[in-house]
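Reading through the structure tokens given below for one structure.
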Amino acid sequence: MGMNFSRKLPIPKEIKEQFPIDQKIVSVKEKKDKELRDIFTGASDKFVLIIGPCSADNEDSVIDYVTRLAKIQEQVKDK
0 MGMNFSRKLP IPKEIKEQFP IDQKIVSVKE KKDKELRDIF TGASDKFVLI IGPCSADNED
60 SVIDYVTRLA KIQEQVKDK
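As numbered in numbering that gives the first Met the number 0, the sequence shown has no gaps in its residue numbers, which increase by one up to the final residue, 78.
Following this line, the structure appears as structure tokens:
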């Protein structure tokens, strides 16, 4: 005789209620979404580079990588 356990997955609304996002982060996300939309629709002459680690199994390494990448992004954001 086996036992099965099931758990209801939360819907997006429940996740948003459980983990509210600061308005500053929402604004940054909206700005980045618009920048990407403009690139993909041809409204911007910028281009997208997708750069990242092949895996994210070591949290410290990922945070170090993202921190360094953010500094470079800031340097080239208008180029």
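For every residue, glycine included, the Cβ atom is placed at its ideal position computed from N, Cα and C.
Since we're looking at a predicted model, the values are computed, not measured.
Item: CB contact flag (VAL61, ALA69, <7 Å); Value: no
Item: Simplified DSSP state of VAL61, which is helix, strand or coil; Value: helix
Item: Cβ-Cβ distance between ILE38 and LYS45 below 7 Å; Value: yes
Item: Selection from LEU48, TYR64 and GLU58 that minimises the alpha carbon distance to LYS76; Value: LEU48
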